[in-house]
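Counted from 1, the sequence shown has number 16 at position 16 by this note's numbering; the numbering is strictly sequential.
A virtual CB, placed ideally from N, CA and C, is assigned to each residue, including glycine.
Since this is a predicted model, take the numbers as computed values, not measurements.
Step one of this worksheet: look at the structure below.
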Amino acid sequence: MDRRVIEALHEVGVPFRENEPFSRHTSMGVGGPAAVMAFPRTQEELRKTLAVRGDLGVPHRILGGGSNLVVAEEGLDELVVNTADMRHVEVRDDGTVLAEGGANVIRTVVRCCRAGWRGIESAVGIPGSIGGAAVMNAGAYGFSISDALEEIVVYDENGARTEPPEGWRFHYRGSSIPEGTAVASITVRLRRDEPAVLEKEIRELQLQRARSQPGGRNAGCVFKNPPGLHAGKLVDEVGLKGTRRGGAVISARHANFIVNEHGAAAGDVLALLDLMREAVAKKAGVELELEVKVWRPRA
Ligand code: EPU
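Encoded structure:
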């Protein structure tokens with residue numbers, strides 16, 4: 001890594017750490033170190049961090065909540081911009097909610113429901129950050145984040161770009177927001193309802209999720225559902241539930257989840273992903289597409 005990055009981050013006053021393990025910043029708990037991980041606390045610090053990266057031309061990635069991510073054991077010789085410390089949430093009286101990119105989705109949903117605002121309650125089971133959820137267009141129970149979006153502010157090395165969601169395209173588990181662009185904040189528009197009604201609904205959704213999905217260290221569903229099919233059902237039908245590699249296991253509760261049970265290495269998780277994809281291709285004739293992001297050193 002270019003040492004000038006360290007000097008420049010010092011100069012602009014953005015906190016950072018060197019050789020910071022991804023295993024500390026991903027829900028799966030695997031992955032080697034990032035050469036430099038920066039932790040901007042404000043939009044201004046985010047702007048400065050991305051300007052440093054633009055000026056020096058170093059490779060970089062944006063890390064949200066790390067809840068949909070598997071990073072290779074060798075880590076990345078890159079500047080990683082971790083937005084976790086930008087987590088301000090403002091629930092306003094007019095029913096709009098501004099949430100910064102690093103805010104936790106579940107906490108944001110619970111806050112909105114307690115304040116009597118309906119519109120994003122179905123996202124109560126989605127782990128990870130607001131920024132990651134927006135870029136990935138995360139969803140559950142028929143709802144996707146893009147359904148509620150009113151505005152989204154992103155930063156790249158040229159500064160801020162504010163757009164209504166129509167400026168971006170959103171689709172099933174994806175968007176046109178380019179890799180390397182950081183979501184600074186989103187605004188959603190909600191409507192009034194009774195806090196007690198909303199709280200009951202989110203409790204039920206949480207129970208439903210706990211019944212059908214595993215807890216522990218995982219990265220959510222690892223494959224996208226192919227049109228008209230369910231990846232979990234396909235992996236289940238080829239008999240892979242409970243299969244282990246090192247400390248990682250294909251969940252016995254839901255076959256589209258890999259759980260890091262005890263000290264799994266990234267290679268264990270990647271080996272299970274390959275096994276699942278190959279078995280479903282061979283036995284069911286369906287090509288599964290990854291939903292989780294896999295970060296490896298660039299060629
Ligand atoms: N099924 C099996 N075996 C399994 C898992 C599922 O036969 O091991 C069957 C179920 O019985 C059901 C069908 O597959 O008939 C669908 O399962 P489920 O209702 O659990 O939903 P899913 O399609 O597997 C999707 C999302 C989840 C989201 C749930 C609930 C994707 C890839 N997955 O799962 O999102 O929480 O619906 O809305 O779109 C995620 O994005 O990370 C994620 C977990």
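Annotation: the continuous alpha helix (DSSP H) that includes Glu237 extends over 231 to 237. Counting only residues whose CB is nearer than 5 Å to a non-hydrogen atom of ligand 1, the list in chain order is Ala140, Tyr141, Ser212, Gly220, Cys221, Asn225, His230, Gly232, Lys233, Asp236, His254, Ala255. A buried status is given to Glu121, since no fewer than 16 other beta-carbon atoms sit within 10 Å of its beta-carbon. Within the same chain, Ser212, Gln213, Pro214, Gly232 come within 7 Å of His254 by CB-CB distance, once the 5 residues on both sides are set aside. The region 60 to 131 contains, as complete beta strand (DSSP E) runs of 3+ residues, the segments 60 to 63, 69 to 71, 76 to 82, 89 to 91, 96 to 100 (chain order). For the pair of segments examined, the region 232 to 241 was found not to touch the region 176 to 193: the number of CB pairs separated by less than 8 Å stays below three. When DSSP states are grouped into helix, strand and coil, Lys293 belongs to the strand group. Assigned with DSSP and collapsed to three states, Phe257 falls in coil, not helix or strand. Taken through DSSP and simplified to helix, strand or coil, Glu150 comes out as strand. Ala140 carries a strand assignment under DSSP once its states are collapsed to helix, strand and coil.
When only Cα atoms are considered, Asp274 and Glu11 end up about 44 Å apart.
Pairing Ile250 with Glu7, the inter-Cα distance amounts to about 43 Å. Scanning its chain for C-beta atoms nearer than 7 Å, with the 5 sequence neighbours on each side dropped, one finds around Arg298 the residues Pro59, in chain order. The beta-bridge partner set that DSSP reports for Ala34 consists of Glu20, Leu76. Taking all protein chains in view, the Cβ of Val197 is surrounded by fewer than 16 other Cβ atoms within 10 Å, so the residue is classified as exposed. Close CB contacts of Asn225 within its chain, under the 6 Å cut and outside five residues either way in sequence, are with Ala231 (chain order). Annotated three-state conformation of Ala182 is strand, per DSSP.
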